[in-house]
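Colleague: Below is a structure I'd like to ask you about.
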Amino acid sequence: MNRICLKNKVIAITGSTGGLGQALCLELAKKGALLALMDIDSEKINLQASELGGLALEVDVTNLNSIELAMAKVNKHFGKIDIIIANAGITKIAPMVSSSEKDFSRVIDINLNGAWRTFKAALPYISDSSGYMAAICSMASFVHCPLQASYSASKAGLHAVCNSVRMEVKHLGVGIGSYHPTFFPSPLMDGVTSDPVGNKLWGGNKEGPWKMITIEEVISDIITGIEERAELVVIPKRKTLVAKASGFFRRYIERRGFKGSEIEEAISLSQRS
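Residue 0 is where the sequence shown starts when you use numbering that gives the first Met the number 0, and the numbers rise one by one after that.
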């Protein structure tokens with residue numbers, strides 16, 4: 000498969016200062032990409048821009064106008080936008096019994112609605128360049144863990160958005176890809192592994208189906224996917240069958256992924272914290 004060269008490609012990425020965002024931006028900069036760094040933390044993105052080069056933009060993905068203004072600035076600054084990476088995301092571990100509507104809605108609004116807003120705001124410019132839009136989803140798009148209803152729903156929904164919108168924009172020469180990494184080291188995962196509830200559910204992510212992979216593997220596969228304008232990237236590749244036959248694997252996950260009373264114990268822990 001032919002790969003596009005990322006040198007001098009204008010790439011806008013949301014959530015650029017997070018763990019995955021920082022590592023991804025560093026590799027994109029090494030490839031010679033022209034970066035538009037977008038995050039809600041202005042201090043962090045300005046520091047990031049000073050280190051990597053590129054344009055720093057304070058963006059709130061829960062506000063469409065904020066993203067539209069940012070995309071217009073990127074287009075004015077660079078004269079085009081070639082690639083969009085919707086990367087902003089959060090998580091929340093809690094059972095329905097003790098979850099608030101506010102917490103549930105916030106995860107959906109950032110992870111799912113935020114990516115939709117990012118694509119919508121970028122589409123006029125991406126259409127002009129026959130470019131590519133990537134959404135950082137998760138294996139949670141296919142494997143739905145207990146105490147993660149909001150996160151699983153957001154990532155499954157985002158995968159569906161990619162599949163739906165891809166058909167709408169194909170005639171414009173626009174490509175859309177969804178990216179689904181399993182667990183990997185990041186500040187977000189630090190919060191999970193330091194949480195007694197997360198440790199109870201996933202055993203510290205040290206072995207079995209929940210074992211973490213390296214962030215280097217995640218970044219390498221994302222870069223390759225972007226260069227190939229891939230439609231679906233599962234990381235690691237060996238879990239692609241799980242993604243493509245998620246219904247078949249659901250029973251296995253329910254029976255083998257969570258042993259004994261782990262779910263009940265995790266719920267009890269969450270209610271005490």
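Where a beta carbon is used, it is the ideal one built from N, C-alpha and C, also for glycine.
Mind listing, in chain order, the continuous alpha helix (DSSP H) runs of no fewer than 4 residues lying wholly within the segment 67–111?
Modeller: As far as the segment 67–111 is concerned, its whole alpha helix (DSSP H) runs of at least 4 residues are 100–107.
Colleague: Can you check DSSP and say which residues form a bridge with Asp38?
Modeller: As a position in the sequence shown, residue 38 is number 39, starting the count at 1. DSSP output for Asp38 lists Glu57 as bridge partner(s).
Colleague: Have a look at the DSSP bridge pairing and note the partners of Ser177.
Modeller: By one-based count along the sequence shown, residue 177 stands at place 178. Paired residue(s): Ala134 and Leu231.
Colleague: Considering Cα atoms alone, identify which of Glu42, Asp220, Ser245 and Ala242 is closest to Ala22.
Modeller: As a first step, residue 22 must be located in the sequence shown, where it is residue number 23. Closest option to Ala22, Cα to Cα, is Asp220.
Colleague: In chain order, what residues of the same chain have a beta carbon less than 6 Å from the beta carbon of Leu171, not counting five sequence neighbours either side?
Modeller: As a working note, residue 171 is residue 172 in the sequence shown. Only Ser126 meet the Cβ criterion.
Colleague: Specify, as a first and last residue, the run of the alpha helix (DSSP H) that Ala244 falls within.
Modeller: What you label residue 244 is simply residue 245 of the sequence shown in a count that begins at 1. Ala244 -> no alpha helix (DSSP H), and no H or E assigned at all.
Colleague: With a CB to CB cut of under 6 Å and the five nearest residues on each side skipped, what residues in its chain are close to Asp59?
Modeller: Residue mapping note: residue 59 aligns to position 60 of the sequence shown, counting from 1. Ile39 and Ser65, listed in sequence order.
Colleague: Since I believe Ile3 is in contact with Ile84 (beta carbons under 8 Å), could you give me their beta-carbon distance rounded to a whole number of angstroms?
Modeller: Locating residue 84 in the sequence shown gives position 85, counting from the first residue. Locating residue 3 in the sequence shown gives position 4, counting from the first residue. Ile84 to Ile3, Cβ: 14 Å. No contact.
Colleague: Specify whether the segment 88–100 and the segment 30–48 touch according to this definition: at least 3 beta carbon pairs, one from each stretch, less than 8 Å apart.
Modeller: No, the segment 88–100 is not in contact with the segment 30–48.
Colleague: Please state the DSSP three-state secondary structure of Ala11.
Modeller: For this step, residue 11 is matched to residue 12 along the sequence shown. Strand at Ala11.
Colleague: Measure the C-alpha to C-alpha separation of Ala242 and Phe182 and round it to an integer number of angstroms.
Modeller: Position 243 of the sequence shown holds residue 242. Position 183 of the sequence shown holds residue 182. Each residue's Cα considered, the two are about 15 Å apart.
Colleague: Would you give the residue range spanned by the alpha helix (DSSP H) that Ala152 belongs to?
Modeller: Taking the sequence shown and counting its residues from 1, the one referred to as residue 152 is at position 153. Run containing Ala152: Ala148 to Val168, per the alpha helix (DSSP H) assignment.
Colleague: In terms of DSSP beta bridges, what is Leu277 paired with?
Modeller: With the chain covering 0 to 272 only, the question about residue 277 has no answer from this structure.
Colleague: Contact between the segment 131–139 and the segment 152–162 is defined here as three or more beta-carbon pairs at a separation below 8 Å; is this criterion met?
Modeller: Yes, they touch.
Colleague: My understanding is that Val173 touches Met211, with C-beta atoms under 8 Å, so please give their C-beta distance in whole angstroms.
Modeller: The count along the sequence shown starts at 1 and reaches residue 173 at position 174. The count along the sequence shown starts at 1 and reaches residue 211 at position 212. Val173 to Met211, Cβ: 33 Å. No contact.
Colleague: Within 10 angstroms of its Cβ, does Val233 collect 16 or more other Cβ (buried), or is it exposed?
Modeller: Start at 1 with the first residue of the sequence shown, and residue 233 comes out as number 234. Flag for Val233 reads buried.
Colleague: Return yes when the C-beta of Ile39 is under 7 Å from any heavy atom of the ligand HEM, and no when it is not.
Modeller: Ligands are entirely absent from the displayed structure, and the ligand HEM is therefore not among its contents.
Colleague: Can you look up Pro184 in the DSSP assignment and give me helix, strand or coil?
Modeller: If you number the sequence shown from 1, residue 184 lands on position 185. Coil, per DSSP.
Colleague: Is DSSP giving Gly113 helix, strand or coil here?
Modeller: Here residue 113 corresponds to residue number 114 of the sequence shown, with the count starting at 1. Gly113 falls in the helix class under three-state DSSP.
Colleague: Enumerate in chain order the residues of its own chain whose CB-to-CB distance from Ala55 is below 8 Å, with the five nearest sequence positions on each side excluded.
Modeller: Position 56 of the sequence shown, counted from the first residue, corresponds to residue 55. Within the same chain, Ala55 has close Cβ partners Leu36, Ser41, Ile44, Asn45, Gln47 and Ala48.
Colleague: The alpha helix (DSSP H) with Ser219 in it runs from where to where?
Modeller: As a working note, residue 219 is residue 220 in the sequence shown. Ile214 to Glu226 is the span of the alpha helix (DSSP H), which, as asked, contains Ser219.
Colleague: Sorted by chain position, which residues of the same chain lie with C-beta nearer than 7 Å to Glu26's C-beta, five sequence neighbours on each side aside?
Modeller: For the purposes of this step, residue 26 is identified with residue 27 of the sequence shown, where counting begins at 1. For Glu26, where only same-chain residues beyond five positions count, the Cβ hits under 7 Å are Ile218 and Ile222.
Colleague: Please go through the same chain and pick out, in chain order, the residues whose beta-carbon is closer than 6 Å to the beta-carbon of Lys6, but skip the five residues on each side of it.
Modeller: Indexing the sequence shown from 1 puts residue 6 at position 7. Closer than 6 Å at Cβ, skipping near neighbours: Gly31.
Colleague: Give the secondary structure of Phe118 by DSSP, where H, G and I count as helix, E and B as strand, and everything else as coil.
Modeller: Counting from 1 along the sequence shown, the entry for residue 118 is found at position 119. Phe118: helix per DSSP, three-state reduction.
Colleague: Could you name the residues of the same chain whose beta carbon sits closer than 6 Å to that of Pro180, not counting the 5 residues immediately before and after it, in chain order?
Modeller: Taking the sequence shown and counting its residues from 1, the one referred to as residue 180 is at position 181. Only Val217 and Ile234 meet the Cβ criterion.
Colleague: What does the Cβ neighbour count give for Asn74, buried or exposed, with the cut at 16 atoms within 10 Å?
Modeller: In the sequence shown, the residue the question calls residue 74 occupies position 75. Its Cβ being crowded by 16 or more others within 10 Å, Asn74 is buried.
Colleague: For Gly172, which of helix, strand or coil comes out of DSSP?
Modeller: Start at 1 with the first residue of the sequence shown, and residue 172 comes out as number 173. The answer is coil: DSSP assigns Gly172 none of H, G, I, E or B.
Colleague: Once you ignore the five residues that flank Ala114 on each side, which residues in its own chain have a CB closer than 6 Å to its CB?
Modeller: Taking the first residue of the sequence shown as position 1, residue 114 is located at position 115. Ala85, Ala134 and Leu157, listed in sequence order.
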